[in-house]
Amino acid sequence: MIPVPILMLGIPIVFLFMWCGISLLLSFLSGWSKLAGRYQCSSLPDCKAFHFRSGMIGAVKYNSCLTLSVTQQGLGLSVLIPFRIGHPTLLVPWSDFHQVQEKRTPLLGVRSMTAMLGTPPTVRVTLPVWLIDYVEVADGYELDQGRSFEFDSEFGPQWECEACGEHNDPTFDVCWQCQNANLCR
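Note that this note's numbering has the sequence shown beginning at 4, numbered continuously upward.
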């Protein structure tokens with residue numbers, strides 16, 4: 004029989020190794036590791052950061068753990084610290100976004116942007132639709148002057164849920180936090 008102190012020490016160690024292994028596996032499956040070979044950067048230049056965003060890199064969904072940083076040079080991608088193993092910060096130049104399209108999900112009609120990243124294009128990404136504006140002007144940072152994507156978009160201002168006070172994107176009819184309908188429409 005294994006003594007209790009060794010068992011209590013072993014469980015966190017096994018968990019830590021599993022966490023690191025799964026994070027590395029997700030990096031490989033998503034194509035993040037492939038992008039890191041070309042676009043890895045230690046720190047981003049002056050930028051506007053959007054935290055806790057969702058997206059899909061390759062076949063892996065990153066729900067509310069992405070930080071999207073808009074710079075004049077390109078788009079910075081990073082994940083929250085607990086998931087950062089195997090996921091270094093990336094800075095993808097705007098010129099390396101290819102086959103950019105706006106898409107809607109079939110059932111709910113949620114809008115997103117899909118693109119192939121790399122030269123040659125190698126990894127498919129699905130990110131928030133408002134990034135199309137930045138990609139289309141190639142150095143989208145200039146577009147940002149005088150316009151706050153955090154509160155306004157081409158579809159109007161964000162709306163505040165009367166039930167929970169959460170700010171929601173104008174493309175959504177239902178609050179993402181409490182599922183109450185937008186009564187202002």
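Just so it is clear, CB atoms sit at the ideal spot from N, CA and C, and this is done for glycine as well.
Reduced DSSP category for residue i - H, G, I as helix; E, B as strand; rest coil
| i | result |
| --- | --- |
| Arg150 | Any reading at Arg150 is ruled out, since the residue's pLDDT is 46, under 50, leaving its predicted position unreliable. |
| Trp162 | strand |
| Phe31 | helix |
| Pro123 | coil |
| Phe175 | coil |
| Ser45 | coil |
| Ile88 | coil |
| Pro8 | helix |
| Leu71 | strand |
When the options are compared against residue i, the one with the closest alpha-carbon
| i | options | result |
| --- | --- | --- |
| Tyr65 | Cys178, Val95, Ser46, Phe55 | Phe55 |
| Leu47 | Ser81, Leu110, Phe18, Phe31 | Ser81 |
| Gln75 | Leu94, Ser57, Cys68, Gly61 | Leu94 |
| Leu134 | Pro8, Leu38, Gly168, Ala52 | Ala52 |
| Trp35 | Asn185, Val17, Ala62, Ser57 | Ala62 |
| Leu78 | Met11, Ile9, Leu69 | Leu69 |
| Ser67 | Asp99, Cys50, Phe86 | Phe86 |
| Cys50 | Asn185, Pro8, Tyr137 | Tyr137 |
Residue burial classification, residue i (beta-carbon count within 10 angstroms, cutoff 16)
| i | result |
| --- | --- |
| Trp22 | exposed |
| Cys181 | exposed |
| Val73 | buried |
| Cys167 | exposed |
| Asp99 | buried |
Contact belief for residue i with residue j at Cβ below 8 Å, rounded distance in angstroms
| i | j | result |
| --- | --- | --- |
| Pro124 | His101 | 4 Å |
| Met116 | Val132 | 5 Å |
| Ile192 | Ser33 | Shown here, the chain extends from 4 to 188; a query on residue 192 therefore has no answer. |
| Ser38 | Val103 | First, the residue type needs correcting, since residue 38 is Leu and not Ser in the sequence shown. The pair is not a contact, with the Cβ atoms about 16 Å apart (cut-off 8 Å). |
| Met83 | Leu130 | Residue identity check: residue 83 is Leu in the sequence provided, not Met. That belief does not hold up - the Cβ atoms of Leu83 and Leu130 are roughly 16 Å apart, past 8 Å. |
| Gly58 | Val128 | 6 Å |
Beta carbon proximity, residue i to chain C, threshold 7 Å
| i | result |
| --- | --- |
| Pro6 | Absent here is chain C; the protein component of the structure consists of one chain. |
- Query: Would you call the region 107–116 and the region 17–34 in contact, with 3 or more CB pairs under 8 Å?
  - Reply: Put simply, the region 107–116 does not touch the region 17–34. Fewer than three CB pairs are less than 8 Å apart.
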